[in-house]
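Participant: Take a look at the following structure, please.
There are 2 protein chains.
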Amino acid sequence: MDAVVQYLRDHQAEHLDWARVICRIPSISTKPEHADDVRSAITWTHDLCERIGLTAAVHETGGHPVVVATHCEAAGAPTYLIYGHMDVQPEGDLSLWDADPFDPVVKDGKLICRGSADDKGQVLLHLRAVAAWLATEKRLPINVKFLIEGEEEIASPNLGPFLKDHADELACDHVIISDTGMYADGWPTITYGTRGLLYKEIRLFGPKHDLHSGSFGGTVANPANVLTELLASLHDADGRVTVDGFYNDVAEATAAEREQIRALPLDDAEYAANLGSPGIAGETGFSTNERRWIRPTLDINGIYGGFMQEGANTIVPKSAGAKVSMRLVPNQDGGKLSTAFDATIKARCPDTVRLEILNHGHADAYMAPLDSKPMQAARKALQEAFGREPAFIREGGSLPILPMFRQVLGADCLLIGFAGPNCNAHGPNENIVLEDVDCGAEATARLFKHLAT
Amino acid sequence: MDAVVQYLRDHQAEHLDWARVICRIPSISTKPEHADDVRSAITWTHDLCERIGLTAAVHETGGHPVVVATHCEAAGAPTYLIYGHMDVQPEGDLSLWDADPFDPVVKDGKLICRGSADDKGQVLLHLRAVAAWLATEKRLPINVKFLIEGEEEIASPNLGPFLKDHADELACDHVIISDTGMYADGWPTITYGTRGLLYKEIRLFGPKHDLHSGSFGGTVANPANVLTELLASLHDADGRVTVDGFYNDVAEATAAEREQIRALPLDDAEYAANLGSPGIAGETGFSTNERRWIRPTLDINGIYGGFMQEGANTIVPKSAGAKVSMRLVPNQDGGKLSTAFDATIKARCPDTVRLEILNHGHADAYMAPLDSKPMQAARKALQEAFGREPAFIREGGSLPILPMFRQVLGADCLLIGFAGPNCNAHGPNENIVLEDVDCGAEATARLFKHLAT
Numbered sequence: 004m005d006a007v008v009q010y011l012r013d014h015q016a017e018h019l020d021w022a023r024v025i026c027r028i029p030s031i032s033t034k035p036e037h038a039d040d041v042r043s044a045i046t047w048t049h050d051l052c053e054r055i056g057l058t059a060a061v062h063e064t065g066g067h068p069v070v071v072a073t074h075c076e077a078a079g080a081p082t083y084l085i086y087g088h089m090d091v092q093p094e095g096d097l098s099l100w101d102a103d104p105f106d107p108v109v110k111d112g113k114l115i116c117r118g119s120a121d122d123k124g125q126v127l128l129h130l131r132a133v134a135a136w137l138a139t140e141k142r143l144p145i146n147v148k149f150l151i152e153g154e155e156e157i158a159s160p161n162l163g164p165f166l167k168d169h170a171d172e173l174a175c176d177h178v179i180i181s182d183t184g185m186y187a188d189g190w191p192t193i194t195y196g197t198r199g200l201l202y203k204e205i206r207l208f209g210p211k212h213d214l215h216s217g218s219f220g221g222t223v224a225n226p227a228n229v230l231t232e233l234l235a236s237l238h239d240a241d242g243r244v245t246v247d248g249f250y251n252d253v254a255e256a257t258a259a260e261r262e263q264i265r266a267l268p269l270d271d272a273e274y275a276a277n278l279g280s281p282g283i284a285g286e287t288g289f290s291t292n293e294r295r296w297i298r299p300t301l302d303i304n305g306i307y308g309g310f311m312q313e314g315a316n317t318i319v320p321k322s323a324g325a326k327v328s329m330r331l332v333p334n335q336d337g338g339k340l341s342t343a344f345d346a347t348i349k350a351r352c353p354d355t356v357r358l359e360i361l362n363h364g365h366a367d368a369y370m371a372p373l374d375s376k377p378m379q380a381a382r383k384a385l386q387e388a389f390g391r392e393p394a395f396i397r398e399g400g401s402l403p404i405l406p407m408f409r410q411v412l413g414a415d416c417l418l419i420g421f422a423g424p425n426c427n428a429h430g431p432n433e434n435i436v437l438e439d440v441d442c443g444a445e446a447t448a449r450l451f452k453h454l455a456t
Numbered sequence: 004m005d006a007v008v009q010y011l012r013d014h015q016a017e018h019l020d021w022a023r024v025i026c027r028i029p030s031i032s033t034k035p036e037h038a039d040d041v042r043s044a045i046t047w048t049h050d051l052c053e054r055i056g057l058t059a060a061v062h063e064t065g066g067h068p069v070v071v072a073t074h075c076e077a078a079g080a081p082t083y084l085i086y087g088h089m090d091v092q093p094e095g096d097l098s099l100w101d102a103d104p105f106d107p108v109v110k111d112g113k114l115i116c117r118g119s120a121d122d123k124g125q126v127l128l129h130l131r132a133v134a135a136w137l138a139t140e141k142r143l144p145i146n147v148k149f150l151i152e153g154e155e156e157i158a159s160p161n162l163g164p165f166l167k168d169h170a171d172e173l174a175c176d177h178v179i180i181s182d183t184g185m186y187a188d189g190w191p192t193i194t195y196g197t198r199g200l201l202y203k204e205i206r207l208f209g210p211k212h213d214l215h216s217g218s219f220g221g222t223v224a225n226p227a228n229v230l231t232e233l234l235a236s237l238h239d240a241d242g243r244v245t246v247d248g249f250y251n252d253v254a255e256a257t258a259a260e261r262e263q264i265r266a267l268p269l270d271d272a273e274y275a276a277n278l279g280s281p282g283i284a285g286e287t288g289f290s291t292n293e294r295r296w297i298r299p300t301l302d303i304n305g306i307y308g309g310f311m312q313e314g315a316n317t318i319v320p321k322s323a324g325a326k327v328s329m330r331l332v333p334n335q336d337g338g339k340l341s342t343a344f345d346a347t348i349k350a351r352c353p354d355t356v357r358l359e360i361l362n363h364g365h366a367d368a369y370m371a372p373l374d375s376k377p378m379q380a381a382r383k384a385l386q387e388a389f390g391r392e393p394a395f396i397r398e399g400g401s402l403p404i405l406p407m408f409r410q411v412l413g414a415d416c417l418l419i420g421f422a423g424p425n426c427n428a429h430g431p432n433e434n435i436v437l438e439d440v441d442c443g444a445e446a447t448a449r450l451f452k453h454l455a456t
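Heads up: the sequence lines are chains Y and E, in that order.
Positions 4 to 456 (the working numbering) are the ones given, in order, by the first sequence.
Positions 4 to 456 (the working numbering) are the ones given, in order, by the second sequence.
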């Protein structure tokens, strides 16, 4: 192990150059005009995989290609699928960036550019670990299969079909993903659960066209007024969601888990200040981390209707609508709650407006088995590399690929992420702390060893 | 009187040609590029006034010009200011018009074009009456001062200053306006009251930028959620407005007035069907006409926040807002209620969001004295011309010029309108029924006589 770790240290600069090169490619999957760049990023990844000793192949899908790179020579050892993605979010508002998003800069110990944290920089950690093992030990202690795609930022529309079509080729005992964050800078973190999602849109229709609010106001239902009443009814005074049966199936977190979550340092005032919010808020009886990790929530994501420009216009709008999404926790069933949501809204909506509910899909929550061997191996590897016990957290967001891997490959996922809490993924000046990157590569190299035993 | 009426009948075709000519001018005051057209319409009106025997002058204002045309030779008789406007609304969506909005068409007994009802066609009624009197009797039984402006559709920004600057020249006993509608086709109508207006905008600010609703949802206040709660709180279960003290100063309609309003035919189902609304709605305990005429209301005119495009985006929006306007009834004080509204919202708004309230102005309600001599004269004139007792109604909209005339000139207003209930003012295929126009001109000519006695 010492030689592997030494190799990583000796090759820091070279490995950083990998990041500099791949991050120059604007592989923005959300923009069709960057399709060739996504392909270039996948091809570059293929070539790097081959160079470090993996057997790699680019596969076409219905959309952007994927690369599969394997090293399966550890007879009798378990097989791990390492998933990541080489596509990135658009750069967004360039005026908010301190430099060109696709011209990587190292400053204050951070690599700053689009993709540095999400997810190019994190994919490279694992390839560094593989390179170090193969260069020094000429072997890997486990069998690995890399699956690197180019559509994560557009919700991986072709990953499910690809997994199904290549289920044998990709068969594995467990999946490893580094696409999450650290609870604090320098604090290694294992994410063991994510929330699910149920996304709806409510549209209310009143008069056939906008009405003069003077001549007609007070005589027919105003869809915008009705909408606010419907939406306001979705929470009670304690901030609990009032969709019928919403909490029925919730797998309540254990007292032990809640205690562990509450033990994580979090200053509410500082948390709110960081977000620029006047204060924290949410369901009564739960701490801030509990509210975002173990509790289901309902948020209006967008609301619209009537005259939305500057100034004043006196109309009763003909229609109004809102996008409403719920984050679900383990054991809540998105399909069942979708039906419950519709029934709740229908029951509460007066017949003086016409109601339409659109579905924008749902995804399941995910909980990794906490006592799994990979989880314990990761704990050990992270402790050794960072010199600190890892934090165990959940993530409030949704990762539909996690239940997908479980369903198609029958494999659970280990989420070890190395993006700092201020990495600004998807935002301007996305960055990753280089010390975390180096420790992360070492942790990954050590993980390979622990996973084998 | 017979000669005057006969003259009107003999000159129908000629007078219709006036409308055809003036309605060809696209005097759209809301569009700066039509400034010359507004001026042309005012100049044309000036020339017509001179041609029929009035003494006319075009006056410049800070915006579009106005024309003042007088005939004040009835010594000892009262003086009436006849107000109207020659500017029009934009044509809107051309695809909804059956013909060019500025190429007048006569079809099914209606003149169809922009301005036919609002207000060119109605201004011409009065000029026809003047022409008939002066051509036959060589005199007017009263003194008249026409004040025709070109900015009504942009809320008459220069009318107040003009009135103040020309208060002596425009001094009068009463104002007559034909810019309202008829309760039904062929049913002459006197409008004796209008509602006031108080227009606000609520803006709520949460986090400094949109947040990922998964990672952060449930931890800080969502401004869109809070907004719906605030707005929903503005009505109680009976549809009454809950702004503190909202009803304190309301001048309740008398039992007699309510009885008169309820006696007007109105089929709720038909009313809702005409508006394309699934049903009527509003404050409990009041009929549909009462709700739009004698009751104050609160409507959301526009609501916005977060992701408003097609599809789904999972954010906690950084802000959300709504435009909210209230229609006020006599004796409610817009200024006082503006303060009450702000205080109500501030008291109910949680400190987890930052609140901003914008003012978009307020206007007073107006009630004409029901027992005035002009009102009785109009009743008689309308009855004679239409062969039917006029309907007495209020209007739910606001006409800020009414309290302005009262304030600056000390004169009350008589509102006799000849636009039919389906005239579609401001909309496509605006029209006026020619028979109502002819009866309206005769009624006006008769009104001059009754006003003199």
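C-beta atoms are modelled at their ideal positions from N, C-alpha and C, and glycine is treated no differently.
As the structure is a computational prediction, the values presented were derived from the model and not from experiment.
1) Quick one: list the residues of chain E neighbouring S401/Y, beta-carbon separation under 9 Å, in chain order.
2) Could you pull the start and end residues of the alpha helix (DSSP H) that D39/Y belongs to?
3) When DSSP labels each residue in this structure, what does T347/E get in the three-state scheme?
4) Taking 7 Å as the CB-CB limit, is D302/Y close to chain E?
5) Can you tell me the Cα-Cα spacing of Y250/Y and G199/Y, whole angstroms?
6) Which value, in whole angstroms, describes the spacing of the CA atoms of E438/Y and A258/Y?
7) Would you say V223/Y reaches chain E, if we count a Cβ-Cβ gap shorter than 7 Å as a contact?
8) For V70/Y, return the contacting residues in chain E, with the cut-off set at a CB-CB distance below 9 Å.
9) Taking DSSP as the reference, what is the three-state secondary structure of G87/E?
10) So, does the CB of I306/E fall closer than 7 Å to a CB anywhere in chain Y?
11) If I measure Cβ to Cβ from W296/Y and keep anything under 8 Å in the same chain, skipping five residues before and after, which residues do I get?
12) Does K167/Y have its Cβ less than 7 Å from a Cβ in chain E?
13) Name the residues in the segment 336-357 of chain Y whose C-beta lies less than 9 Å from a C-beta of chain E; which are they?
14) Give me the Cβ distance between I318/E and F310/E, rounded to the nearest whole Å; I'm assuming they're in contact under 8 Å.
15) Round the Cβ separation of G420/E and S181/E to the nearest angstrom and send it over; I've been treating them as touching at under 8 Å.
16) Closest to A388/E by C-alpha separation, out of K113/E, P35/E, L128/E and P431/E, would be which residue?
17) Check for me: the beta strand (DSSP E) holding M329/Y runs from which residue to which?
18) Which value, in whole angstroms, describes the spacing of the CA atoms of G118/E and V41/Y?
19) Run down chain E in chain order and give the residues with a C-beta less than 7 Å from the C-beta of E156/Y.
20) Check the C-beta distance from A57/Y over to A72/Y and give it rounded, since I have them as a contact under 8 Å.
21) Just to make sure I have the definition right: I need the residues of chain Y whose C-beta is within less than 8 Å of the C-beta of F310/E. Which are they?
22) Since I believe L84/Y is in contact with L173/Y (beta carbons under 8 Å), could you give me their beta-carbon distance rounded to a whole number of angstroms?
23) Pop quiz: S32/E and S43/E are said to be a contact at Cβ under 8 Å. What is the actual Cβ separation, rounded to whole angstroms?
24) What number of angstroms, rounded off, separates the C-alpha of L373/E from the C-alpha of T192/E?
25) Does any residue of chain Y have a CB that is nearer than 7 Å to the CB of I205/E?
26) What ranges does the alpha helix (DSSP H) occupy inside the segment 271-321 of chain Y, keeping only unbroken runs of at least 4 residues that lie completely in it?
27) Taking 7 Å as the cut-off, decide whether the C-beta atoms of D90/Y and E155/Y are in contact.
28) What does E359/E pair with, by DSSP beta-bridge criteria?
29) Could I get the ranges of all uninterrupted alpha helix (DSSP H) runs contained in the segment 171-253 of chain Y, with 4 residues as the minimum, in chain order?
30) Going by Cα to Cα distance, which pick from A224/E, D271/E and L402/E is closest to G282/E?
31) Check each candidate in K383/E, G87/E, F219/E and I25/E and name the one with the smallest Cα separation from T456/E.
32) 7 Å is my cut-off, CB to CB: does K34/Y come that close to chain E?
33) What's the gap between the Cα of G124/E and the Cα of G87/E?
34) Roughly how many whole angstroms lie between the Cα atoms of A275/E and E273/Y?
35) So A323/E contacts chain Y; which residues on that side make the cut at Cβ distance below 7 Å?
36) Just how far apart, CA to CA, sit V356/Y and E433/E?
Facilitator: Quick answer:
1) At a C-beta separation below 9 Å, S401/Y has these neighbours in chain E: G217 and T317.
2) A38 to I55
3) T347/E: helix per DSSP, three-state reduction.
4) Chain E places a beta carbon closer than 7 Å to that of D302/Y, counting this residue as a contact.
5) Going from the Cα of Y250/Y to the Cα of G199/Y covers about 14 Å.
6) 35 Å
7) yes
8) Those within 9 Å of V70/Y in chain E number zero; the least Cβ separation is about 28 Å.
9) Correct three-state label for G87/E: strand.
10) yes
11) G196, R198, I264, I396, R397, E398 and G399
12) It does not; no Cβ of chain E falls within 7 Å.
13) P353, D354, T355, V356 and R357
14) 6 Å
15) 6 Å
16) L128/E
17) S322 to L331
18) 58 Å
19) The CB of E156/Y never comes closer than 7 Å to any CB in chain E; the least such distance is about 13 Å.
20) Strictly speaking, residue 57/Y in this sequence is Leu, with Ala absent from that position. L57/Y to A72/Y, Cβ: 4 Å. Contact.
21) Here the neighbours are N304, G305 and K326.
22) 6 Å
23) Not quite, the Cβ-Cβ distance comes to about 12 Å (not below 8 Å), so this is no contact.
24) 14 Å
25) no
26) 271-278 and 291-296
27) yes
28) R206/E
29) Qualifying alpha helix (DSSP H) stretches, in chain order: 226-235.
30) D271/E
31) Considering only K383/E, G87/E, F219/E and I25/E, the residue with the shortest C-alpha distance to T456/E is K383/E.
32) no
33) 10 Å
34) Distance between the alpha carbons of A275/E and E273/Y is about 53 Å.
35) I306
36) For V356/Y and E433/E, the distance between alpha carbons rounds to 28 Å.
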